[in-house]
Every structure is written in structure tokens, then in C-alpha cells.
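First residue of the sequence shown: 8, per this note's numbering; consecutive thereafter.
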Amino acid sequence: MTATTNSSTPPPTSPVSISGEVLTIAVSSAAAGTSLDDVALVEGARVLNEVARGEHNVGAIVLTGSGPNFCAGGNVRAFAGAEHRPTYLREIADTFHTFVNALVGADRPVVAAVKGWAAGAGMSLVLHADVAIGGAGTNLRPAYGGIGLTPDGGMTWTLPRIVGVARARDIILTNRVVSADDALAMGILSRLVDDAEVESQAQAVAAQLAAGPRAAFVATRRLLTDSAQRSLPEQLLAEAASISTRSGEPEGTEGVDAFIGKRAPDFAAARNAAR
């Protein structure tokens, strides 16, 4: 792990790890039927907040599962065994949402390795990815309605923005299984690879992003997010301000100089030199 301060690091057995400049979080537990892992949520939120504070040299984040599925949703057996289900579900939802807010707040490109099933909370997490990679055997399902509950993790906010309001209503209310091909066509998944290559491709894409112009990626993600609340003239002004600012930063300078010099840009070196 590379850190810029003496922040605490995850233990070796943690579902959270940093290799090079890529933070990987295994969001599900194979020991609990690949359901959402509370330890991963708590530990992941902690490290993501440290990334946001600049305590780790992380350029991209990978969300994956620790078993055959990305994440089969919440631990329904634990729901059923709770002494007071409403209190327990509220605690679980708050923990989950703390993680989601930390994921967004880390302000780094997110890559999801969507192997097998992504149901319920798992599907919610996929919808937060910038790049979601699946295989032929990938399936997604809201799942909440099937057990008489409503979505969490931001699904009712992200899904309409990705697939449109009418299609989102259909998928959530009918508890539709979305195949890999349909998810790709709708824009939920970014690309499909062989099932055996989902993990490795996700790590490769994350490594590529981490080595890229970090400030430009952060600014681009913000432009994309904010565009829904802006008119076109407002967005054009924001784009003009952003590209102008980036051109005077170390990565922007390196990118342009490398292009003119007909060489590959070294954005990491430019970042390090500016520290």
C-alpha cells in the first residue's frame, strides 16, 4: 500500500486491499451466500474516506465479490432473525448508505467486476460504477420487491438516470431479471468479456485509469454528474472553465507536451513532481 500519510492500513485478511494505485473492495461474503458483507462496508467506507482526504495514493477503485457472484443482495436470513426488523433494517441501510456516500466522496473512477449475480444491494452498487464489466453469465435483478421491500443503495436515483424512468419502473416493479446482453444494451454494463476474465479485465481497466490524468478524470466525472442539473449553456461554461484549469495543471501540461513530443505521457511523474 502506498500512502501519503501514516493512516491505518487494512489487515491482510480484510475484504479491502490496495495494490499499486488501485483500491479493491470485495463487497460480498462467500461465507454468507455472497450476500453483502458488513465488514467490507465498514472497512471500505473508512478507507474510501481516507482516499478522499489524500491519505492513500489511489487512482481507481474496483468493486468485486469474494465468491461466485458479485453480490446476491442483503443477508435475508439475518433480516429474518432480527429481534426488531425495522430497527435492524434501518441500521443495515444506514451502514450501506455510509459506504455509498464514501464511494462517491472518494472521487475516483469506479470499476465493477460483475461476475454471476448482482441482485438487490449488489445491483445498486453496480449502478454506481463508471465502468461495469460483466460476462455472459452475468445477471442483475432488483430483488427488493420479491421480499416485500423497497430499494436502497440509491437504486431509485441511479437506475432512472441510466435506463430512463419508464424502463426503471418496469425493472424494479416487476423484479425483472436483466441478462448480460440486455444490461449492456441498456447501459447498465459497459462491456462484456468471458466469464473467467471479468475480474482480470476489471483490474486491468482500473490500473489503466489509475495511471491516467487523475485530476482530469475527477473533473470529468463531476461534469458528467452535474450535467443533469444544468442547461446546455451552463454546461458549456463549466466545460470551458474546467478545460482551461486542467491545461495549467501538471497533468494537463504533461499530456500536451507529450503529444507534441510524440511520446507517451507520464501522468504519475507529473503528479509526483508537483508534490
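All residues carry an ideal CB built from backbone N, CA and C; glycine is no exception.
Near T165, what residues of its chain come up, given a Cβ to Cβ distance below 8 Å and the 5 sequence neighbours on each side ignored?
Taking T165 as the centre and dropping the five residues before and after it, the same chain places the C-beta of S131, L134 and H135 closer than 8 Å to its C-beta, in chain order.
Going by the beta-carbon positions, is the gap between R115 and V65 smaller than 8 Å?
yes
What does a CB cutoff of less than 6 Å around R221 pick up in its chain, not counting 5 residues either side in sequence?
G66
Rounded distance between the beta-carbons of A226 and R253, thought under 8 Å
Contact flag correct, Cβ pair sits at about 6 Å.
For the candidate residues G27, G51 and G72, whose alpha-carbon lies nearest to that of F106?
Cα-wise, what sits closest to F106 is G51.
Span of the beta strand (DSSP E), counted from its first residue to its last, around N182
It is not in any beta strand (DSSP E) - N182 carries neither H nor E in the DSSP assignment.
Runs of beta strand (DSSP E) lying entirely within the stretch 141-217, each at least 3 residues, in chain order
146-148 and 198-200
Helix, strand or coil at G27 according to DSSP, with G and I counted as helix
coil
Does the beta-carbon distance from R148 to V200 come in below 8 Å?
no
Compare the C-alpha of V118 against each of L216, R92 and G27 and name the closest.
L216
Cα-Cα separation between S36 and T232, rounded to whole angstroms
31 Å
Close Cβ partners of V311 (< 6 Å) along its chain, the five nearest in sequence each way excluded
There is no way to answer for residue 311, as the model of the chain reaches only from 8 to 282.
Quick check: A143 and F77, are their CB atoms within less than 8 Å of each other?
The Cβ atoms of A143 and F77 do not sit closer than 8 Å to each other.
Checking 8 Å against the spacing of the C-beta atoms, do A139 and I179 come in under that value?
no
Around the C-beta of N82, are 16 or more other C-beta atoms found within 10 angstroms, so that it is buried, or is it exposed?
buried
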